[in-house]
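Peer 1:
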Amino acid sequence: MLLQQVGVPAPKGRLFSQERFAEAASYAEEIGYPVVVKPLRGTHGRGVVTGISDEKELAWAFDSLAKSAHARDDVILEEHIEGEAYRIIVLGDEVVSALISRRGAVTGDGEKTVRELIEERQQQRLLNPHLMARPIRRGSRLTHLLARQDVTLDSVLEPGRTVEITYGSNTSQGGEHAQVLDRMHPSILEASVESVKALPGLGFGGVDFIISDIEKPLDQQRAAICEINSMPSVDSHEYPLYGEPISVPRKMVEASAEAAGISLREYNPHLSVHAEIDATDRNPRYRRWLRRQAMDLGLDCRLRPIGSRRIKVDLQGGAEPVAAWLALSIHSPYGLDPKKVEVIHA
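Position 118 of the sequence shown, counted from 1, bears residue number 118 in UniProt numbering, the numbering being contiguous throughout.
1. Name the residue from Val248, Glu111 and Ala24 whose alpha carbon lies nearest to the alpha carbon of Ser233.
2. Run through the DSSP bridge pairs and tell me what Pro39 is partnered with.
3. Take every Cβ of the region 74-90, pair it with every Cβ of the region 25-45, and state whether three or more of those distances are shorter than 8 Å.
4. I think Ser64 touches Arg141, with their Cβ atoms under 8 Å apart; what is that distance to the nearest whole Å?
5. Nearest-angstrom Cα distance between Lys251 and Val90?
6. So, do the region 208-225 and the region 9-25 have three or more beta carbon pairs nearer to each other than 8 Å?
7. Just to confirm, is the Cβ distance from His130 to Asp300 under 8 Å?
8. If I measure Cβ to Cβ from Gly175 and keep anything under 7 Å in the same chain, skipping five residues before and after, which residues do I get?
9. Hey, Gln173 and His44 are a contact pair by Cβ (cut 8 Å); roughly how many whole angstroms apart?
10. Under a CB-based cut-off of 8 Å, is Val48 close to chain B?
11. Quick one: what's got a C-beta closer than 8 Å to residue 372's C-beta in the same chain, skipping five residues either side?
12. Around the Cβ of Asp182, are there at least 16 other Cβ atoms within 10 angstroms (buried) or fewer (exposed)?
13. Using a 10 Å radius around the Cβ and a threshold of 16 neighbouring Cβ atoms, would you call Ile330 buried or exposed?
14. Verify whether the separation of the beta carbon atoms of Arg302 and Gly206 is less than 8 Å.
15. Rounded to the nearest angstrom, what separates Val196 and Ala98 at their Cα positions?
16. Alpha carbon to alpha carbon, how far is Ala133 from Gln122?
17. According to DSSP, what are the bridge partners of Ala85?
18. For Val313, report the span of its beta strand (DSSP E) as first-last.
19. I'd like to know if the region 270-290 and the region 310-318 are in contact, where contact means that at least 3 CB-CB pairs between them fall below 8 Å.
20. Can the beta-carbon of Ile31 be found closer than 8 Å to that of Glu82?
21. Between the C-alpha atoms of Val193 and Pro217, what's the straight-line distance to the nearest angstrom?
22. According to the Cβ coordinates, are Tyr33 and Asp54 closer than 8 Å?
23. So if DSSP puts Asp219 in a beta bridge, which residue, or which two residues, is it bridged to?
24. Measure the C-alpha to C-alpha separation of Phe62 and Leu241 and round it to an integer number of angstroms.
25. Should Ala327 go down as buried or exposed, given a rule of 16 or more other Cβ atoms within 10 Å for buried?
26. Rounded to the nearest angstrom, what separates Val163 and His70 at their Cα positions?
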């Protein structure tokens with residue numbers, strides 16, 4: 001309603017409890033199939049089912065939610081807007097990044113099974129820092145989606161045939177992303193900024209936009225904003241699968257500093273830090289592992305035990321390797337994760 005009041009396109013939709021399936025089915029008929037179902041409190045695309053074409057599919061979507069972690073959630077049912085999904089990051093009066101998120105899909109070569117093609121996509125995801133911990137999920141949802149396309153995991157697709165392997169385009173559910181900010185029509189950027197401004201107190205947000213053609217004006221196509229996230233994940237913008245990376249966190253820090261009247265120093269590619277690790281147990285394996293990680297990252301590292309369980313660290317080297325080492329120090333392979341890691345710049 002707020003978006004429509006400021007002239008920003010939004011899909012028709014209503015909220016239903018999971019017990020009100022009959023009403024939801026009636027509403028789906030009213031607005032017309034296809035429709036989309038998603039849990040009210042869902043994140044990362046979990047529980048979202050798109051392209052529902054009839055009441056049987058709608059019943060399956062409701063039943064799937066009832067058997068999931070969203071069993072107690074209300075359900076949003078809204079019209080399905082044809083087009084690609086985009087996550088547009090708005091910071092103040094500016095769009096700073098825009099990613100297209102495509103549904104995961106594989107294309108046949110006449111030899112490999114769908115299972116083998118999915119595994120190839122998995123291996124590609126392992127090379128991307130954002131996607132490596134977001135595998136393509138297998139299970140009943142994938143089986144059902146493939147059945148809708150008359151294939152199974154063991155089917156061999158004819159050359160050139162493409163089948164979708166995820167319901168949604170969210171990267172956490174197997175989607176793939178690319179940077180497209182430089183191609184977006186100004187009307188789309190303006191609508192994204194206005195949508196965030198429409199929410200009181202929100203100066204930063206991720207706008208989920210469904211658009212058919214990002215190079216056309218909005219008034220020449222059917223498009224809609226389906227969600228505005230006040231705490232969007234931003235690492236995907238720094239590590240797109242395709243296109244130029246954009247450091248949204250850096251832009252956020254710079255904007256916050258400017259608003260507070262703080263002058264930032266120039267980026268220093270070399271860091272020298274002191275750290276104290278509350279290791280719980282001064283196991284020598286953990287210290288040896290920390291030294292080995294520092295060596296592998298090309299860092300100058302000195303570790304000294306303090307008292308019964310604390311470790312003092314002097315660390316020097318490239319800013320990114322230092323940050324990587326500090327992140328690694330929190331999760332050791334020996335089940336000896338520290339209670340606390342304190343860091344100060346030297």
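Positions of the beta carbon are idealized from the N, C-alpha and C atoms, including for glycine.
Peer 2: On the basis of the coordinates in this document:
1. Here residue 233 refers to the residue found at position 233 when the sequence shown is read from its first residue. The candidate whose alpha carbon is nearest that of Ser233 is Val248.
2. Residue mapping note: residue 39 aligns to position 39 of the sequence shown, counting from 1. DSSP output for Pro39 lists Val75 as bridge partner(s).
3. yes
4. Position 64 of the sequence shown, counted from the first residue, corresponds to residue 64. Position 141 of the sequence shown, counted from the first residue, corresponds to residue 141. Between Arg141 and Ser64 the Cβ distance is about 7 Å, and since that is below 8 Å, they are a contact.
5. On the sequence shown, position 251 is the one that residue 251 refers to. On the sequence shown, position 90 is the one that residue 90 refers to. For Lys251 and Val90, the distance between alpha carbons rounds to 11 Å.
6. yes
7. Locating residue 130 in the sequence shown gives position 130, where the first residue counts as 1. Locating residue 300 in the sequence shown gives position 300, where the first residue counts as 1. Contact flag unset, no.
8. Taking the sequence shown and counting its residues from 1, the one referred to as residue 175 is at position 175. Cβ neighbours of Gly175 beyond the five flanking positions: Ser101, Arg102, Arg103, Gly104, Thr166, Gly168 and Ser169.
9. Looking up residue 173 in the sequence shown gives position 173. Looking up residue 44 in the sequence shown gives position 44. Contact flag correct, Cβ pair sits at about 7 Å.
10. No chain B appears in the structure shown, which is made up of a single protein chain.
11. Because residue 372 is not part of the residues shown, which for the chain are 1 to 346, the question remains open.
12. For the purposes of this step, residue 182 is identified with residue 182 of the sequence shown, where counting begins at 1. Exposed.
13. Working through the sequence shown from its first residue, we reach residue 330 at position 330. When all chains shown are included, Ile330 counts as exposed.
14. Mapped onto the sequence shown, residue 302 falls at position 302. Mapped onto the sequence shown, residue 206 falls at position 206. No, the Cβ-Cβ distance between Arg302 and Gly206 is not below 8 Å.
15. Within the sequence shown, numbered from 1, the residue matching residue 196 stands at position 196. Within the sequence shown, numbered from 1, the residue matching residue 98 stands at position 98. Their backbone Cα atoms lie some 15 Å apart in a straight line.
16. As a first step, residue 133 must be located in the sequence shown, where it is residue number 133. As a first step, residue 122 must be located in the sequence shown, where it is residue number 122. Between Ala133 and Gln122, the C-alpha separation is close to 10 Å.
17. Indexing the sequence shown from 1 puts residue 85 at position 85. Its beta-bridge partners are Ser101 and Ile210.
18. As a first step, residue 313 is located in the sequence shown; it is residue number 313 there, counting from the start. That run of the beta strand (DSSP E) goes Arg310 to Gly318.
19. yes
20. What you label residue 31 is simply residue 31 of the sequence shown in a count that begins at 1. What you label residue 82 is simply residue 82 of the sequence shown in a count that begins at 1. Against a cut-off of 8 Å, the Cβ pair of Glu82 and Ile31 comes out as no contact.
21. Translated into the one-based positions of the sequence shown, residue 193 becomes position 193. Translated into the one-based positions of the sequence shown, residue 217 becomes position 217. Rounded to the nearest angstrom, the two C-alpha atoms are 15 Å apart.
22. The residue given as residue 33 occupies position 33 in the sequence shown. The residue given as residue 54 occupies position 54 in the sequence shown. Yes, they are a contact pair.
23. To locate residue 219, count along the sequence shown from 1; it is residue 219. According to DSSP, which records beta bridges pairwise, Asp219 is partnered with nothing at all.
24. By one-based count along the sequence shown, residue 62 stands at place 62. By one-based count along the sequence shown, residue 241 stands at place 241. Approximately 32 Å, taken between the alpha carbons.
25. As a working mapping, residue 327 is identified with position 327 in the sequence shown. Looking at its Cβ environment, which holds fewer than 16 other Cβ atoms inside 10 Å, Ala327 is exposed.
26. The count along the sequence shown starts at 1 and reaches residue 163 at position 163. The count along the sequence shown starts at 1 and reaches residue 70 at position 70. Rounded to whole angstroms, Val163 to His70 spans 27 Å at the Cα level.
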